[in-house]
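The next block holds one structure in the form of structure tokens; read it before the comments.
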Amino acid sequence: MTRATSALPRPLRLPGLRRRTLPRPGAALWRGNGALRWGVLLLASLLVASAVGMLVLGDPNEQQLADAFAPAGTAGHLAGADPLGRDVLAWCARGLWTSLTVSFAVATLGALIGTAVGVVAGYAGGIVDSVLMRLVDLSLALPPLLLFIAASVVVAPRPATLVVLLTFVAWIPYARLVRAHVLTERERPYIAAARLAGTPAWRICLRHLVPAASTAIIVLFTLQLGYVLLWESGLSFLGLGLQPPHVSLGYMIAQGRDYLASAWWITTIPGLVIVALMLSFNLIGDGLRDAFQLDVEEAVHER
Amino acid sequence: MSGETALALHDVRVTRGCGDGRLELVHGIDLAVAAGAVCGVVGETGAGKTLTMRAVLGLLPRGLESSGAIELGGQRVDLATPAIARRALLGRELALVPQNPAAMLDPVVRVGDQLVEGVVRRRMSTPAEARSRALELLSQVGFRDPERIVRLHPHQLSGGMSQRVGIAMALVPRPRVLIVDEPTSALDAHLRIEILSLIRTIARAERTAVVLVSHDLGLVARFCDTVAVLYAGTIVESGPAAAVIERPRHPYAVALRAVAPRLTATRRARLTTIPGVPPTPDSIGAGCPFAPRCPRVEPLCRELRPALAGPPQQPAACHVVNRAARSRAPRSTGEAHAGRR
Amino acid sequence: MLRRSTYEESFPSTLTRARFLQASATAVAALSGAQILGGCGSTGSGAAGDAPAGGPPQRPTGTFRFPLEGATTGFDPAYSGALLSDYVVVHAIFDRLVAFDPAFTRLVPSLATGWEQSEDAREFTITLRDGVRFHDGEPLDAAALKATLQYMSTAAGAISGLLLPPRYDTLELVDALRLRVVTPAPQPDFIRNQAFLSVMSPKAIKAGGEALKRRPIGTGAYRFARRAGNGGALVVANNDYWGDGPYFEQIDFEVIADAGARINALLTRQVGMAYRLPPTQVQRVAGASGTRTVSGDVWSGVYVAFVCNKPPFDDVRVRRACAHAVDKEALIRAIARGQGRVADTFSPKGVLGYAPPAVRYEHDLEAARALMAAAGHADGFSAVMCVSTAQYLQPQLAQAVAGQLEQIGIRARVEVVDPIVQSRALLDPAQKAYDMFPTDWTWLTGGPLLQQAGTVQSASRYDGRDLTAPLAAMSVTPDGPRRDAAFAAFEGAFSRQVPILPLFQSIYNDGLQQDVGGYEETPKNGYGPNFFPMYTAA
Amino acid sequence: MVRSALARHPFARLAFSRLAQGVVVLFGALLVCFALSAATGDPADALTVGQIGADSAQIDALRDHLGYGDPFLTRLGDFFAHALQADFGSSYRTGGDALGAVLAALPNTLLLVACALTLAISLAIVLALISVMHRNRAADRSIRGALALVQGVPDFWLAVMLVLLFSVTLGWLPAIGFDGPRSLILPTLALAIPVLPTFVRLMRGNLLDVMKLDFVTSVRAKGLGERDVVLRHAVRNALPPLITFTALQVGWLVGGTIIVETIFAWPGIGNLAVDAVKARDVGVVQAVVAVTALSYVLLNLVADLLVAAADPRIRMVPA
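Going down the list, the protein sequences come from chains A, B, C and D.
Yeah, the first sequence ends on 309 if you go by the working numbering, and it's all consecutive.
Yeah, the second sequence ends on 1331 if you go by the working numbering, and it's all consecutive.
Yeah, the third sequence ends on 1019 if you go by the working numbering, and it's all consecutive.
Yeah, the fourth sequence ends on 767 if you go by the working numbering, and it's all consecutive.
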């Protein structure tokens, strides 16, 4: 009985509809997909550079007050030093990992929660759907930054609290996206067939509905990685982000805000790292979207 | 239905991709349609019917190129030139009634606006003229209350209604040639008859040449003056509708006729099917594309692609059939090709 | 422990026109023009920028726009000592009995033309200036002063309660303009505190209630007009003012919470001045055309309070080790950008109560490590430092101190919290969470106010006899050699026990438009500029 | 009777169902904001920060005096009773009515957000059109590349640089405050640019989806050029999703304005909210959250009505 679903004919792929399966691994995804290649290349080089930086440049938290505000290019501080004499480049190297781990954690948690809510809302429909969607509306109605400020007053900023805080906001786009996909997917004949074959609801959701939205989730995941990076640096600007000894890019950017004219490197260099990270995420996101896009365009020729 | 040729296709080809990946989907189509006549183009899905018509209209999807030429009202147009250059013809001399009635109209724009948009935007007539022309056409295509229809939105129309609107929309600029792409595939039986007879009466009244693309032999037989049977991107047989349908010469046409369900068939008889599957463009070899499925296949069929030959008014592209025709009743070639008109 | 919401360390510096063009010409990365922001411009006190040439206008003209740090909450002089924004406006509306001379060494007459004080500092006779009227028409007389003193002594939870005796034996009107005050206990700082306390209209005091807070009535050069949109205020010229000024038609107090925005507003001439520039911006404002800076030593210092009622800081050797470990010069240079002077005592120089320290702790890591070993912490220990976002020089100072302490094995984690969370932590007697409190204090009246308010005990929980005895003595001994001896004893014990580690005394800088005069130096208590003599040069 | 009346007017039915949902959201928002302001502490703490010699007993006395000492549930009940009559108590700092202060500041924020949105949306449509018309050619790739870069720039950094460049250094525009339209330019840019990439991405995606539909072919069959196809048809079909998306950004835009209003000293509710939270001005915090939630509900209602007007197919009640 369990294999019933696969006996059905491969789902009818009508051109122009959003129905996109996971991309065939290997060539099609990579070949001719400049955006994806450049994105992965950029991300890989950033990771390698920061790994090397962490080994070579030593502890970013180490202060040399004598070197305070050393400009970019002085001995020992290739990218200059901050007001406490900490090396900006070492800070960026370590900061990149911290910021990445925070944004990966938040994006993943957000994806899990958001997808769960989206699938349940989309598949269950009725009261459950409207309750969950009101929850989404509620979290959209409350200004996130105000919530962060209020929460920061109560809780000292540590990575764990930051991840939880940011996840409160990160899950919403997933929920809306997955719900939209599930609503259209739910009408498909193969879902009705699966239900007829007695497949339990949760299996249908996991085996069919989630994979159907998986492509969109992956694209959104890459974009969310970027957004979380920006939220974190925004929080640091308001003094709510991670504080030393935790090393975060946002902290250095916010700290350098006062000396943009005289010591521009304190803000600009970590800022450039964030811009590079965002660029790589966006390129990967667009690359993946184009890869799936191809799926749809191929269908056009079958007419 | 004598009359000068409104539209003639000369060696129309459609290829995909370029360089070593080039693939020819349509292998040289020659066709002629007389003004006021309805020419049926028949073939299975994937035979290249729609692609040919799109090539003529210059509306090929991205990545496909057309070649060959068409003659339209005495004007010769080379299909290799980019579609933008040929757009002047479109919506003036040449019009299209798209296939899927539901998706044919812009959902957010009122029906009336979409009807007059083409001619008004291209300054072929003033808005007032266009509006009255549209109302007149709407009543012609069978609406009793055109004033109301004009204000409706596409999602408020039924399948049949939107098909009629589609036809009216195509006829607004008084085109010389009307291409109708499977108008009835989404409609139910009695509507099909109405729509097709509507097309024929208008064609005759406005002396418009109509190219009817369809895969329904029964309808083609009943409503078309001439027929061209398409298989894997080439015309395998053409000629007067009655002749081709009743007395098909090419094995594929014969098989098509046999396959068409008959009301008279006994209830128990299994539906006959053509063995095998239509070839994909890249799998066609040198010989006759129908060879793998042809009951009367011969070694020659597999090497040499047969050209259209045999009796002038009903040529067919099959060595075996043409050879038999030659042996049976040789005729002088000077006779006028009635079918060709 | 008086903390006012000081500016946050968040200013964008500007690109001077030349440097910007240079920057845009070459790639931003190659900004060669940026030089190290090492030593600051005007060191030392009182070095005012070049004052404008023209003199004050004949009649009060134009509007002076003054940016406030935060919304005002109320203008009752008794209470508004807690919030700087409130006090700045109060300063523009009220007069005080006495004022300090320009060098801030002695008291000069203001509303009071003369005053006598008895030997035991319990009896005071104050003579008021004749012909002065309040904004509501009431005359300034001994009855008004009596009403003010009574109200300010008894106002619940008010700042004035700390500067005045809780009650008086007698408040006698000798004649219309002379008041004799007798207090149950000696009040050595009674007259000096009058330099901070405003004189209020008796009619307003009698009316009381919300009006005191919402409609202040004083004798100053400017009258209160109305509250402005988001917590600001507007005051207008009081034309029959007895003293020098006013030279502005009105002063518009507008709330610009962000320090960076205040400086931008100054540089684009949208506001008349930017009060108390953060050290990182002094260079920028001084260098910009059209603006000048005024700076001066202030009665304010930066400290690190150790929590002495629990290990590890209950051991004086650990405290002394920290005193040796912290390099105050480096902190001044890196964090205060040179705007500070090394401090070794609780009271800053210039405040009555200052006395040279008995022990001075040189920056000596070896001695520090020896003390740590002697105290049994050879391999160091970890501690938590609590600093609030509203602190002067922000958490950077705390991190710098933590970095220096790390060199002798103290692994200090800096926790940046909200000012309210920090103040509640300080009140918590058990002090479970934190070990050190970097903070800054300001002496409002130039007298030993904070010592008498028990700030040292409340911040460091140190209550050894060697400190409490001189504290008791100094609060009842009239000025003179015996009080000085008490001060010396207090500072001596303070430097020996180091319950609180003084870092440096601050130098404040204010930014002004080039054509704004009558403002030669930043106020010593950093608590509100004196608007009356200020003018915009014609 | 109501049901039948509604049935006849599709718009009314749509509006009614949206409002019903809105009430639930508003109720939830009030609940959250009460819990939040209770957690962050109350005016008694803030008032005693600067007080010399204040001890916890005195603070608790002040707290009772101000009415924040009662048990949680009674305060909750009391809060809702007042909130439903739009009374959020007074701001302990200014003494004035909390909601009054918020409503006074709201127009400034709405003006800023409106300008930023108009700029962002119109620019997004133009850029999306250009990149769709020249799909995968130079223009498209450069637009997408530039936007990917802009998306990476932290919004506060952009705001600070705008002020540095255009008002402080070049002196063309005022740096702070709200006196006259010229002071609107920089804050609008600072708010619009960070949002722009998202809008362009969304609009471009919509346009591409629409261009694949069949009716586009029939429009081309009328001989109309690509410009007409895109401008007269594709844009109108691609707009509704953009409208809905914009309405959802209200919560975020208020967040964004907090940063812009701080840097430009703009007297909006962003500034007000930050001060109120830091000063534990409970009344004002609750009023700000309530007003933002209400504006979210109303804006979404307006968006749905706009979408229904723009796209006749959506006249029935949405899912």
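Every residue gets a Cβ at the ideal spot worked out from N, C-alpha and C, and that includes glycine.
Check	Outcome
With a Cβ-Cβ cutoff of 8 angstroms, do Ile275 of chain A and Ala81 of chain A count as a contact?	no
Using 8 angstroms as the limit for Cβ to Cβ distance, is Phe663 of chain D near chain B?	yes
Pair every Cβ in the region 745-761 of chain C with every Cβ in the region 544-552 of chain C, then say whether three or more of these pairs are closer than 8 angstroms.	yes
Starting from the beta carbon of Asp752 of chain D, find every residue of chain B whose beta carbon is closer than 7 angstroms, and list them in chain order.	Going along chain B, no residue has its Cβ under 7 angstroms from Asp752 of chain D, so there is no contact; the nearest lies around 16 angstroms.
Please report the Cβ distance between Ala494 of chain D and Arg649 of chain D, rounded to the nearest whole angstrom; I am assuming they are in contact, meaning their Cβ atoms lie under 8 angstroms.	Not a contact, Cβ separation roughly 43 angstroms.
Where do the ends of the alpha helix (DSSP H) carrying Gln888 of chain C lie?	Run containing Gln888 of chain C: none; DSSP gives neither H nor E here.
Assign Pro538 of chain C to one of three DSSP states: helix, strand, or coil.	coil
Which same chain residues end up closer than 8 angstroms to Glu826 of chain C when comparing Cβ atoms and leaving out the 5 residues on each side of it in sequence?	The residue asked about is misnamed: residue 826 of chain C is Thr in this sequence, not Glu. Counting only Cβ-Cβ distances below 8 angstroms, and skipping sequence neighbours, we find Tyr835, Ala836, Pro837, Pro838, Glu972, Phe975, Ser976, Pro983.
Evaluate contact between the region 703-723 of chain D and the region 732-743 of chain C, counting only Cβ atoms and requiring at least three cross-stretch pairs below 8 angstroms.	yes
So who's on the other strand from Arg659 of chain C, going by DSSP bridges?	C:Thr608, C:Asp656
Taking 6 angstroms as the limit between beta carbons, can you name the residues of its chain near Thr1005 of chain B, skipping five residues before and five after?	Arg1012, Glu1014, Glu1055
Hey, which unbroken runs of the alpha helix (DSSP H) at 4 residues or more fall wholly within the region 761-849 of chain C?	797-806, 809-815
Could you name the residues that DSSP lists as bridge partners for Ile1019 of chain B?	B:Val1002
May I have a chain-ordered list of the beta strand (DSSP E) segments no shorter than 3 residues that lie completely inside the region 1191-1244 of chain B?	1199-1204, 1216-1221, 1224-1230
How about Pro1173 of chain B and Tyr1221 of chain B: are their beta carbons less than 8 angstroms apart?	no
Spell out whether any CB of chain A is found under 8 angstroms from the CB atom of Ile578 of chain D.	no
Against chain C, does Leu90 of chain A count as a neighbour if the rule is that its beta carbon must be under 8 angstroms from one of theirs?	yes
Chain D partners of Met284 of chain A, CB-CB under 9 angstroms?	Ala596, Leu597, Gln599, Gly600, Val601
Since Gly1058 of chain B is in the alpha helix (DSSP H), which residue starts that stretch and which ends it?	No alpha helix (DSSP H) holds Gly1058 of chain B; the beta strand (DSSP E) holding it covers 1054-1062.
By how many angstroms is the C-alpha of Val788 of chain C removed from the C-alpha of Ser904 of chain C?	14 angstroms
In the DSSP assignment, find the alpha helix (DSSP H) that holds Ile197 of chain A and state where it starts and stops.	195-202
Using a 10 Å radius around the Cβ and a threshold of 16 neighbouring Cβ atoms, would you call Glu1119 of chain B buried or exposed?	exposed
At the level of alpha carbons, what is the spacing between Gly535 of chain C and Ala1018 of chain C?	5 angstroms
Who are the Cβ neighbours of Arg1100 of chain B in its own chain at under 8 angstroms, not counting the five residues just before and after it?	Val1140, Arg1141, Leu1142, His1143
Is Tyr560 of chain C helix, strand or coil when you go by DSSP?	coil
In its own chain, which residues sit with a C-beta less than 8 angstroms from the C-beta of Val716 of chain C, not counting the 5 before and 5 after it?	Val570, Ala573, Ile574, Tyr703, Arg704, Phe705, Ala706, Gln731, Ile732, Phe734
When the Cβ atoms of the region 584-604 of chain D are set against those of the region 718-732 of chain C, are three or more pairs found closer than 8 angstroms?	no
Give me the residue from C:Thr949, C:Thr870, C:Pro962 with the minimum Cα distance to Ile155 of chain A.	C:Thr870
Does the beta-carbon distance from Leu246 of chain A to Gly291 of chain A come in below 8 angstroms?	no
Going by DSSP in three states, Ala515 of chain C sits in which element: helix, strand or coil?	Bear in mind that the predicted position of Ala515 of chain C carries a pLDDT of just 32, short of 50, making it unreliable; the figure below should be weighed with that in mind. Reduced to three states, the DSSP call for Ala515 of chain C is coil.
Leu168 of chain A and Leu248 of chain A: beta carbons closer than 8 angstroms?	yes
Between the C-alpha atoms of Val473 of chain D and Asp795 of chain C, what's the straight-line distance to the nearest angstrom?	54 angstroms
Quickly, what does DSSP pair Tyr257 of chain A with across the bridge? List them, please.	Answer is none; Tyr257 of chain A lacks a bridge partner.
Can you list, in chain order, the stretches of the alpha helix (DSSP H) that have 4 or more residues and sit fully within the region 652-706 of chain D?	662-669, 683-696
Distance cutoff 8 angstroms, beta carbons only. Does Leu1095 of chain B sit that close to anything in chain D?	yes
At 9 angstroms on the CB atoms, spell out the chain A contacts of Gly819 of chain C, in chain order.	By Cβ distance, chain A contributes nothing, its closest Cβ being about 11 angstroms from Gly819 of chain C, past 9 angstroms.
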